[in-house]
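Undergrad: I'd like to ask some things about the structure below.
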Amino acid sequence: MTRLLAMAGYVYQSAAAIILIFAISHLLPAADYTNFSLALASSQLLCVLMFEWLQLAGLRFLAAARENEAARLRWSLFAAGLSSAAALVVVGSCASLASVLPTGIVALGLGISVLQGLTDLYFLSVRLSDRLGIASFLLALRATALLIGAAAGAMISGTAEAALLGIASGHAFGLLAGLVAYRTPMERVSLQAMLADWKDFSRYGMLAAGASVIHLSVPVLLRVIVLGRLGATGAGAGFSIALDLLQRPFWVLNAAIHTVSYPELVNDFEHGGSAKSVQSARRMFEFMICTTLVLLGGLIGFIPDAARILVPQASLDGFLETAPTVAAFYFLHTHLQATIAVVPHLEKLATRLVVVAAGQLALVVSFALVAVSAGLSPRGAVNCAALATLATILVALGPTLRFEALPRWPLVMQAGVTAILIGSLGSIPTEPAAWLAGKIVIAAIATAVIGWRGDFLMLARRG
């Protein structure tokens, strides 16, 4: 039940983030919303650059640490987090002198980066203290506080500064709630020991974070290349909506599964022996592959129906043309970034992660440029990007194959058939409403069968 609640918590966070953007866009004037969006996006990027390496290092080292060692590592981790926060404030303050944004907005953006980075780090330490339920509750609570704080600021004052202050207050509230809900044990260490920990953190974490940043840049460059051909047209807007919308479901599912399963896998890899770690990895791979296959089928089957209601008419044709191929691209992109990288993360092959990410970036950019130069449609360009990503996956499979944690292929095939079944529902009309209800029932039953067959979330047992 705790795992189910953790998964639901990630879905809730994603929904709250989407609602927040829609709410603020309606509450703020256009100019203020532009400043709000730019400041928030910049703060997110700064947070990734300054704290992602600590998140990845903490997840890899703390998950395998015994209780006494974990208390020492937490001290080193939070000391590194505070140092990163201080560096961010100093460097960001100097860089802000060249910013076109008002000083107050820049200061709030820096504050949000610091608060978010430290809060994420603390929530991670709570999760890795075997408090999955508390960590999931805290994440959902912070998402609620962010939504309420930003909406209240925008509603009361109607300025970007007030909305950003609400965001900062939400992160501060989340950190305070975390400190009250669970105080993670820490043990003070000498400066020499702390510097040794920082060396280990940076050697692995910075390279792994670099790989994440490269992977994140792939859809950005794909967008730039395709839109360079389409320009500011309805087709271009539809393609952009597809890229923005269809990435989030895969990201949310990936983050939820890793939160639930990865710490236990790391612990089994370090302390449980070869057989146990292989079994844990196999179960995680099954979880990832089967659920994302069903998700892909659901997106192809139901996104067209939702698009006719939510997507502006001018962008609808461009969206419907590219949405299925964009979904397939993100399916492959997620597995390259998350599934294929599991074993290299376990074996701390961070350099390999960077090489694979750079290889995907180079192939996707090359294939997309060739497709655009040849006059292919956006759908053709995305298909080329998907093929480039698939080629990268095949080249990068070596460590996973050597680890021999192969999923049960009959289960994967069943998930694939289910995905095809659900995806084919897109050809069935949704009016009258009974047809749509029937499609939803069929998809729900098919999904439940795969969940039962795979024993996912430990809610059922295989017969």
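Counted from 1, the sequence shown has number 689 at position 105 by the working numbering; the numbering is strictly sequential. All C-beta atoms in this analysis are idealised placements derived from N, C-alpha and C, irrespective of residue type, glycine included. Since we're looking at a predicted model, the values are computed, not measured.
1. Which same chain residues end up closer than 6 Å to residue 593 when comparing Cβ atoms and leaving out the 5 residues on each side of it in sequence?
2. Going by DSSP in three states, residue 996 sits in which element: helix, strand or coil?
3. Can you give me the Cβ contacts of residue 936 inside the same chain, cut-off strictly under 7 Å, excluding the 5 residues immediately before and after it?
4. What three-state label does DSSP hand residue 960 in the structure shown?
5. Give the single residue among 675, 708, 925, 727 whose Cα lies nearest to the Cα of residue 599.
6. Between the Cα of residue 750 and those of 803, 860, 733, spot the shortest distance and give me the residue it belongs to.
7. Could you compute how far the alpha carbon of residue 830 sits from the alpha carbon of residue 875?
8. Short of 8 Å in beta carbon distance, which residues of its chain neighbour residue 974, apart from the five on each side in sequence? Order them along the chain.
9. Run through the region 668–729 for me and flag every whole beta strand (DSSP E) of 3 or more residues, listed as ranges in chain order.
10. State the start and end residues of the unbroken alpha helix (DSSP H) segment that holds residue 760.
11. Evaluate contact between the region 839–851 and the region 862–869, counting only Cβ atoms and requiring at least three cross-stretch pairs below 8 Å.
12. Tell me the rounded alpha-carbon separation between residue 966 and residue 981.
13. Could you please give the first and the last residue of the uninterrupted alpha helix (DSSP H) stretch that includes residue 773?
14. Terminal residues of the continuous alpha helix (DSSP H) containing residue 769?
15. Going by DSSP in three states, residue 873 sits in which element: helix, strand or coil?
16. Just how far apart, CA to CA, sit residue 616 and residue 744?
17. Reducing DSSP to helix, strand and coil, say where residue 991 ends up.
18. How would you write the range of the alpha helix (DSSP H) that residue 928 sits in, first residue to last?
19. For residue 987, which option in 1032, 1000, 862 has the closest C-alpha, if you only look at C-alpha atoms?
20. Residue 633 and residue 730 look like a contact to me (Cβ under 8 Å); what is the Cβ gap, rounded to whole Å?
21. Rounded to the nearest angstrom, how far is the Cβ of residue 906 from that of residue 822, given a contact under 8 Å?
22. Would you mind reading off the limits of the alpha helix (DSSP H) that contains residue 1020?
23. Are the beta-carbon atoms of residue 949 and residue 805 separated by less than 7 Å?
24. Have a look at residue 872 and residue 595 and give me their C-alpha separation to the nearest angstrom.
25. Taking only heavy atoms of the ligand COA into account, decide whether any of them is closer than 6 Å to the Cβ of residue 748.
26. Compute the Euclidean distance between the alpha carbons of residue 703 and residue 689, then round it to the nearest angstrom.
27. Mapping DSSP to helix, strand and coil, what is residue 980?
TA: The answer reads as follows:
1. Position 9 of the sequence shown, counting from 1, holds the residue named residue 593. Same-chain partners within the cutoff: 720, 723, 724.
2. As a first step, residue 996 is located in the sequence shown; it is residue number 412 there, counting from the start. Three-state result, residue 996: helix.
3. Your numbering for residue 936 matches position 352 in the sequence shown. So the qualifying residues of the chain are 928.
4. Along the sequence shown, one-based indexing puts residue 960 at 376. The answer is coil: DSSP assigns residue 960 none of H, G, I, E or B.
5. Mapped onto the sequence shown, residue 599 falls at position 15. Out of 675, 708, 925, 727, 727 has the C-alpha closest to the C-alpha of residue 599.
6. Numbered from 1 along the sequence shown, position 166 holds the residue referred to as residue 750. When each option's Cα is compared against that of residue 750, the closest is 733.
7. Within the sequence shown, numbered from 1, the residue matching residue 830 stands at position 246. Within the sequence shown, numbered from 1, the residue matching residue 875 stands at position 291. Going from the Cα of residue 830 to the Cα of residue 875 covers about 15 Å.
8. Your numbering for residue 974 matches position 390 in the sequence shown. Within the same chain, residue 974 has close Cβ partners 916.
9. none
10. By one-based count along the sequence shown, residue 760 stands at place 176. That run of the alpha helix (DSSP H) goes 744–765.
11. yes
12. What you label residue 966 is simply residue 382 of the sequence shown in a count that begins at 1. What you label residue 981 is simply residue 397 of the sequence shown in a count that begins at 1. Distance between the alpha carbons of residue 966 and residue 981 is about 23 Å.
13. Locating residue 773 in the sequence shown gives position 189, where the first residue counts as 1. Per DSSP, residue 773 belongs to no alpha helix (DSSP H) and is neither H nor E.
14. Against the sequence shown, residue 769 aligns to sequence position 185. Run containing residue 769: none; DSSP gives neither H nor E here.
15. On the sequence shown, position 289 is the one that residue 873 refers to. Three-state DSSP puts residue 873 in a helix.
16. Mapped onto the sequence shown, residue 616 falls at position 32. Mapped onto the sequence shown, residue 744 falls at position 160. The straight-line gap from Cα to Cα measures roughly 5 Å.
17. For the purposes of this step, residue 991 is taken as residue 407 along the sequence shown, with counting starting at 1. Coil, per DSSP.
18. Residue numbering aside, residue 928 sits at position 344 when the sequence shown is read from its first letter. Where residue 928 is concerned, the enclosing alpha helix (DSSP H) stretches over 926–930.
19. For the purposes of this step, residue 987 is taken as the residue at position 403 of the sequence shown. The shortest C-alpha separation from residue 987 is found at 862.
20. Sequence index remark: in the sequence shown, residue 633 carries index 49 (1-based). Sequence index remark: in the sequence shown, residue 730 carries index 146 (1-based). The pair is not a contact, with the Cβ atoms about 21 Å apart (cut-off 8 Å).
21. The residue labelled residue 906 in the question sits at position 322 within the sequence shown. The residue labelled residue 822 in the question sits at position 238 within the sequence shown. Their Cβ separation, rounded to whole angstroms, is 7 Å, which keeps residue 906 and residue 822 in contact under 8 Å.
22. Reading the sequence shown from its first residue, position 436 is the one you call residue 1020. Residues 1017–1038.
23. Numbered from its first residue, the sequence shown carries residue 949 at position 365. Numbered from its first residue, the sequence shown carries residue 805 at position 221. Yes; because the gap between Cβ atoms is below 7 Å, this pair is in contact.
24. Numbered from its first residue, the sequence shown carries residue 872 at position 288. Numbered from its first residue, the sequence shown carries residue 595 at position 11. Computed Cα separation, rounded: 16 Å.
25. The ligand COA is not part of the structure shown, which contains no ligands of any sort.
26. The count along the sequence shown starts at 1 and reaches residue 703 at position 119. The count along the sequence shown starts at 1 and reaches residue 689 at position 105. Residue 703 and residue 689: Cα-Cα distance of roughly 21 Å.
27. In the sequence shown, residue 980 corresponds to position 396, counting from 1. Residue state, collapsed to three classes: coil.
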